[in-house]
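K.L.:
Residue numbers (the working numbering), protein chains in the order written: chain A, 1 to 218; chain B, 1001 to 1218.
Heads up, the beta-carbon is just placed ideally off N, CA and C, and yes, glycines get one too.
Treat the numbers as computed from the prediction; the structure is a model and nothing was measured.
What follows is a structure written as structure tokens; I'll ask about it next.
Protein chains: 2
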Amino acid sequence: MSTFTEENYLKAIYKLGHRGEDWVSTNSLAEILNTKASSVTDMVKKLAEKDFVNYKPYTGVNLTAKGLEIAVGTIRKHRLWEVFLVERLDFKWDEVHEIAEELEHINSDELVLRLEKFLGYPKYDPHGDPIPDRNGKVLHHKNRVLSDLKINEEAIIVGVKEHAPSFLQYLEKHNLLLGTRIKVRNKFEFDHSLVVEVKGIENTVSHQVAKNLYVVNE
Amino acid sequence: MSTFTEENYLKAIYKLGHRGEDWVSTNSLAEILNTKASSVTDMVKKLAEKDFVNYKPYTGVNLTAKGLEIAVGTIRKHRLWEVFLVERLDFKWDEVHEIAEELEHINSDELVLRLEKFLGYPKYDPHGDPIPDRNGKVLHHKNRVLSDLKINEEAIIVGVKEHAPSFLQYLEKHNLLLGTRIKVRNKFEFDHSLVVEVKGIENTVSHQVAKNLYVVNE
DNA sequence: TTAATTTTTTAGACTTATCTAAATTTTTTA
DNA sequence: TAAAAAATTTAGATAAGTCTAAAAAATTAA
Ligand SMILES: [Mn+2]
Ligand SMILES: [Mn+2]
Ligand SMILES: [Mn+2]
Ligand SMILES: [Mn+2]
Chain A
1 MSTFTEENYL KAIYKLGHRG EDWVSTNSLA EILNTKASSV TDMVKKLAEK DFVNYKPYTG
61 VNLTAKGLEI AVGTIRKHRL WEVFLVERLD FKWDEVHEIA EELEHINSDE LVLRLEKFLG
121 YPKYDPHGDP IPDRNGKVLH HKNRVLSDLK INEEAIIVGV KEHAPSFLQY LEKHNLLLGT
181 RIKVRNKFEF DHSLVVEVKG IENTVSHQVA KNLYVVNE
Chain B
1001 MSTFTEENYL KAIYKLGHRG EDWVSTNSLA EILNTKASSV TDMVKKLAEK DFVNYKPYTG
1061 VNLTAKGLEI AVGTIRKHRL WEVFLVERLD FKWDEVHEIA EELEHINSDE LVLRLEKFLG
1121 YPKYDPHGDP IPDRNGKVLH HKNRVLSDLK INEEAIIVGV KEHAPSFLQY LEKHNLLLGT
1181 RIKVRNKFEF DHSLVVEVKG IENTVSHQVA KNLYVVNE
């Protein structure tokens, strides 16, 4: 069994671990968990004690198989609940993250399985993030972002890298929702902004926005 | 704001307070909260500090308006989630209590309102218990139990006083689900058991069962 | 390659919720 | 109404998770 706090630490380690480095630093964890480095050191020692992480002093931590299972399971619950909130309770995609942060810690395997069935076995959450299956398998294929596209390339928006409500609201206002087909009309060297065509209308998009939108061709 | 633990204490005080006494004792709380009397004493002092309860040493506690609001709000959430689990996720009525014990602590007013709407504003939970409305109003009218009926009286089962899964499973096996019309055919002085007619079939029911089934005439 | 800076850990303290054992108060019994 | 029993509170500890301040280690810069 794992607590609310432990699940949040494991999830954070998972997310940082997938940003490239194989050892996640104390400081980076402290930052995304809104806590202090000294608290993180204490906590990761306890997680190592329970065999959820490997901990090397002054180097960092990474997940054991046991820790990975909990982290992915928690993310699976988070994303399934987000689908429920948006598709069944009519929440907007920028309103669900905080609530899902609580719901993800409800522990009942049966509940998750039935929720998943009720929702029709969704593959992605409202932000385009893949939902791990019951065995912990996760699809990973969102490698390109809008700013990677060349002039005249066409693509479809499939996800967001940044999840801040303000960003999601911006996308909604500018018709840049998931599933939208876009074409790059122009790119500017100066500030890396680009002009995209959305439903026949041209729009200027900043680099800040373009690098946070996942796209696929066709 | 109130924590998981505080909400459980307030809910317990509410339930015990509605069993007659105006002051709820330390020991009775310790029993239903599966904790020790000394822990309860510590906790109720903190609750009094926050103005959730009135506390009189050696006498007991009762809820303030603030405490009552939290208690009823928590019960409201619990029962709405139970409806969701049974009606939407196809859980059986004896499987939902433990999960609802966790879900009831998710704090988002918006979530509760939308869940209630999604469920079609149910008035009762799967065990026949009334769901408090958004203003904290609760319907209370389950005064009679099966054992109160006289011979030849007819009634409909509308709720259970005991919520143990084993009792609920017993009722299911014996066709004594909510909404069932029954008629008392005989009553035995000796052990207070009674014979009831259910869908044309006669069944013997123990006093233990009969006193835990809420009924209404007509 | 020493000095300065940054990162990480340790030490000691605090809060919440719990426990056991002992003390105190209330209730019951004789 | 005094003694016995039961209920309740207090005292002192513990575990989880957090903090600040200080020490130690690692990294970067001169
Ligand atoms: Mn989210
Ligand atoms: Mn999401
Ligand atoms: Mn219940
Ligand atoms: Mn119920």
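1) Quick check: the Cα distance between V24/A and I156/A, rounded to an integer number of angstroms?
2) Count the other C-beta atoms from every protein chain shown that fall within 10 angstroms of the C-beta of S1147/B, then say buried if there are 16 or more, exposed otherwise.
3) Curious, which full-length alpha helix (DSSP H) runs of at least 4 residues does the region 1042 to 1122 of chain B contain?
4) Verify whether the separation of the beta carbon atoms of N1178/B and V1158/B is less than 8 Å.
5) For N1143/B, tell me which candidate among N1152/B, V1160/B, P1132/B and D1133/B has the shortest Cα-Cα distance.
6) My assumption, with CB atoms under 8 Å, is that E1197/B sits in contact with K1183/B. Please give the rounded CB distance.
7) Quick one: give me the first and last residue of the alpha helix (DSSP H) that N212/A is part of.
8) What are the boundary residues of the alpha helix (DSSP H) that includes A1030/B?
9) Roughly how far, in whole angstroms, is the beta-carbon of H1163/B from the beta-carbon of H1127/B, given that I think they are within contact range, below 8 Å?
10) If you measure between the beta carbons of A1071/B and K1011/B, is that distance less than 8 Å?
11) What's the gap between the Cα of Y152/A and the Cα of V216/A?
12) Heavy atom of ligand 4 less than 7 Å from the Cβ of D148/A, yes or no?
13) Give the DSSP-derived three-state secondary structure of L146/A in the structure shown.
14) I need the straight-line Cα distance from S1108/B to H207/A, nearest angstrom please.
15) So E154/A and R181/A are supposed to be a Cβ contact under 8 Å. How far apart are they, rounded?
16) Run the proximity test for D1125/B: is its beta-carbon closer than 7 Å to any non-hydrogen atom belonging to ligand 6?
17) Rank H174/A, V209/A and G73/A by C-alpha distance to the C-alpha of L113/A and give the top, closest one.
18) Taking CB distances under 8 Å as the criterion, tell me whether Y153/A reaches chain B.
19) I want to see whether chain B comes within less than 8 Å of E102/A, judged by CB atoms only; does it?
20) Does the beta carbon of D109/A come closer than 8 Å to any beta carbon on chain B?
21) Going by the C-beta, is E1082/B closer than 7 Å to any heavy atom of ligand 4?
22) Is the distance from the Cβ of D1125/B to the Cβ of R1079/B below 8 Å?
23) With C-beta atoms as the reference, is L111/A less than 8 Å away from I1099/B?
24) What do you get for L1139/B, buried or exposed, if any count of 16 or more other CB atoms within 10 angstroms of its CB means buried?
25) Does any residue of chain A bring its CB to less than 8 Å from the CB of L1115/B?
26) Exposed or buried, P1057/B, counting other C-beta atoms within 10 Å across all chains shown (16 or more means buried)?
27) Count the other C-beta atoms from every protein chain shown that fall within 10 angstroms of the C-beta of T59/A, then say buried if there are 16 or more, exposed otherwise.
28) What are the residues of the region 139 to 168 of chain A that lie near chain B, defined by any Cβ-Cβ distance shorter than 7 Å?
29) Assign T3/A to buried or exposed, taking buried as 16 or more other Cβ atoms, counted over all protein chains shown, within 10 Å of its Cβ.
30) Below 7 Å on C-beta distance, what does R88/A contact in chain B?
31) Give me the residue from Y14/A, Y214/A and Y9/A with the minimum Cα distance to D42/A.
32) At what residue ranges does the region 172 to 196 of chain A contain a whole run of the alpha helix (DSSP H), taking only runs of 4 or more?
33) How would you call K92/A, buried or exposed, if buried means at least 16 neighbouring beta carbons within 10 angstroms?
34) Round the Cβ separation of L1063/B and G1017/B to the nearest angstrom and send it over; I've been treating them as touching at under 8 Å.
35) Short of 9 Å Cβ to Cβ, which residues in the region 176 to 205 of chain A face chain B?
36) Name, going along the chain, the residues of the region 40 to 61 of chain A whose beta-carbon falls closer than 7 Å to a beta-carbon of chain B.
P.N.:
The structure says:
1) 33 Å
2) buried
3) 1065 to 1083, 1097 to 1103 and 1109 to 1118
4) The question names Asn, but residue 1178/B in the sequence shown is Leu. The answer is yes: Cβ separation under 8 Å.
5) V1160/B
6) 4 Å
7) Per DSSP, N212/A belongs to no alpha helix (DSSP H) and is neither H nor E.
8) T1026 to I1032
9) 6 Å
10) yes
11) Here residue 152/A is Asn; the residue named in the question, Tyr, does not match the sequence. Going by the C-alpha atoms only, they are around 14 Å apart.
12) no
13) helix
14) 35 Å
15) 7 Å
16) The model on display carries ligand 1, ligand 2, ligand 3 and ligand 4 but not ligand 6.
17) G73/A
18) First, the amino acid is wrong: residue 153/A is Glu here, not Tyr. E153/A does not count as touching chain B.
19) yes
20) no
21) yes
22) yes
23) yes
24) exposed
25) yes
26) exposed
27) exposed
28) none
29) exposed
30) F1118
31) Y9/A
32) none
33) exposed
34) 7 Å
35) none
36) none
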